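Residue numbers in the sequence shown follow the working numbering, run continuously in steps of one, and reach 824 at the last position.
Following: one structure in structure tokens, then a few remarks.
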Amino acid sequence: MKKIISFIPLFLLLSLSSMQCNAQFSLDYGSEKEIASLKNSTLYVIIDQDAHENNPEYAKIVEENWTFSKVEIIESRDFIKYLKPGNFFLTLTTMYPEGFNLEKSPASLIHFYYQLWTPEPDYLKKLQKRNYKNIEFSSLANSMASISLIFDKSESFKAEDVMSGEYFGNGLPLYRGLGVFKNYLQGFQNKLSNLPKNVYTFVHIKNEKELKALKTQILYVPSTFLTDNTGSSILSYTKNKRPLLDEKEIFVDYPYEYKVISIKELNEKILGDETIYYISKPTEVEINVTNSKTGEMISHSFVKENGKTSKKELKELIKDMKEL
Numbered sequence: 501m502k503k504i505i506s507f508i509p510l511f512l513l514l515s516l517s518s519m520q521c522n523a524q525f526s527l528d529y530g531s532e533k534e535i536a537s538l539k540n541s542t543l544y545v546i547i548d549q550d551a552h553e554n555n556p557e558y559a560k561i562v563e564e565n566w567t568f569s570k571v572e573i574i575e576s577r578d579f580i581k582y583l584k585p586g587n588f589f590l591t592l593t594t595m596y597p598e599g600f601n602l603e604k605s606p607a608s609l610i611h612f613y614y615q616l617w618t619p620e621p622d623y624l625k626k627l628q629k630r631n632y633k634n635i636e637f638s639s640l641a642n643s644m645a646s647i648s649l650i651f652d653k654s655e656s657f658k659a660e661d662v663m664s665g666e667y668f669g670n671g672l673p674l675y676r677g678l679g680v681f682k683n684y685l686q687g688f689q690n691k692l693s694n695l696p697k698n699v700y701t702f703v704h705i706k707n708e709k710e711l712k713a714l715k716t717q718i719l720y721v722p723s724t725f726l727t728d729n730t731g732s733s734i735l736s737y738t739k740n741k742r743p744l745l746d747e748k749e750i751f752v753d754y755p756y757e758y759k760v761i762s763i764k765e766l767n768e769k770i771l772g773d774e775t776i777y778y779i780s781k782p783t784e785v786e787i788n789v790t791n792s793k794t795g796e797m798i799s800h801s802f803v804k805e806n807g808k809t810s811k812k813e814l815k816e817l818i819k820d821m822k823e824l
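Put into structure tokens, the structure is as follows:
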């Protein structure tokens, strides 16, 4: 089955062969040559700053924290002006089945993510000849890297609800807000800066120095970490919202201090000057611990793909910490 992707601006739709983006930070097909070229170029980030009161703040986060290359915020209406060979873009993208009715709830949606890409020169020439009509984004975009988003499957929303309004998913992703976005942006650059080390996404990570420090500090648990997302994908959508999971059951074997806080509190701490460590489950198959100051994943492990977090999913983290 073919799939379709759209991204801000929403008028660009495309047919795409089967594609999966299972990890939070994924290096797609970006070559070392392309990544080196990006370092000496400008990254164009599409943020419609008038679309939401927080969007100028997101633009500020990008401008202050994107250090991998030069960066410029552009409006979606100006996108075509910048669509040239050798330019680089960061856009919010959604992938959904061909023929999907965008007016329906996203029970059949596959994925939302931020994508870094550069135009494919030959296809871009064809587009220019036909005055940018019938753009097939899968042919246009040479994807270099992506950051995935995850949602509460019991929430009812449309694709457009995520793709418009507040820049970082319109407040709908489980991990959302200015601080979380800052860490995602930092993590994105960490991936790009560590080739070939980070080419392979499915790796176990343990930063022994940081995990040793964590043993004497509080592990912060955003309340969204306790969302019961049972089911292997958003196809498991349920109309009835489940109660939050019991953190005492999940952390029963965790021998160190932890604290559950709201996603709002987490964002405030990330944007503050202090260094904290927080746990997240940014996709169906990952458990991460992040340093709020650097955005670095100090622990990264893979878990069973069912969406319902349990104490079993902390075994790898606990084992790594106890060994130090």
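Ideal Cβ placement from N, Cα and C applies to all residues, glycine included.
These figures come from a predicted structure and were not determined experimentally.
Determine the contact status of residue i and residue j, defining contact as a CB-CB distance below 8 angstroms.
| i | j | result |
| --- | --- | --- |
| G493 | R676 | No statement about residue 493 is possible, as the shown extent of the chain runs from 501 to 824 and does not include it. |
| S569 | T542 | yes |
| K682 | I546 | no |
| K706 | S780 | no |
| L685 | N554 | no |
| E796 | N690 | yes |
| I763 | L814 | no |
| L692 | A645 | yes |
| Y544 | I574 | yes |
| K712 | L817 | no |
| S654 | K741 | yes |
| G687 | L766 | no |
| A536 | Q549 | no |
| Y777 | T794 | no |
| P585 | P556 | no |
For residue i, count neighbouring Cβ atoms within 10 angstroms of its own Cβ and tell me buried if that reaches 16, exposed if not.
| i | result |
| --- | --- |
| N788 | buried |
| N729 | buried |
| Q628 | exposed |
| C521 | For C521, the pLDDT reaches just 43, beneath the cut-off of 50, and the residue's location in the model is therefore unreliable, leaving the point undetermined. |
| L538 | buried |
| Q717 | exposed |
| T594 | buried |
| L744 | exposed |
| T567 | exposed |
| V562 | buried |
| V803 | buried |
| D652 | buried |
| S792 | buried |
Under three-state DSSP, which class holds residue i?
| i | result |
| --- | --- |
| Y667 | coil |
| P755 | coil |
| Y700 | Residue placement at Y700 is poorly supported in this model, since its pLDDT is 46, which falls under 50; the coordinates are not used for a value here. |
| A551 | coil |
| T809 | coil |
| P743 | coil |
| Q717 | coil |
| N791 | strand |
| E823 | coil |
| A607 | Unreliable positioning characterises A607 in this predicted model, as indicated by a pLDDT of 49, which lies under 50. A coordinate reading is not provided. |
| T593 | strand |
| C521 | Residue placement at C521 cannot be trusted, given a pLDDT of 43 that sits under 50; what the coordinates show is reported in the next sentence. C521: coil per DSSP, three-state reduction. |
| S723 | helix |
| L543 | strand |
| L583 | coil |
| F657 | coil |
Can you tell me which of the options puts its alpha carbon nearest to the alpha carbon of residue i?
| i | options | result |
| --- | --- | --- |
| S648 | I750, H611, L672, D773 | H611 |
| P722 | H552, N634, L674 | L674 |
| D746 | T727, D652, E774 | T727 |
| P755 | K822, S792, V803 | K822 |
| S531 | S810, S643, N634, Y667 | S643 |
| T783 | Y758, T724, K626 | T724 |
| E757 | T790, F651, L714, A559 | L714 |
| S801 | D820, V752, Y667, F579 | D820 |
| V703 | Q615, D661, V785 | V785 |
| E660 | D652, L672, L719 | L672 |
| L719 | S656, N694, I761, E636 | I761 |
| W617 | Y632, K626, L583, A551 | L583 |
| L592 | K581, E708, Y623, F637 | F637 |
| Y667 | K808, A551, S792 | A551 |
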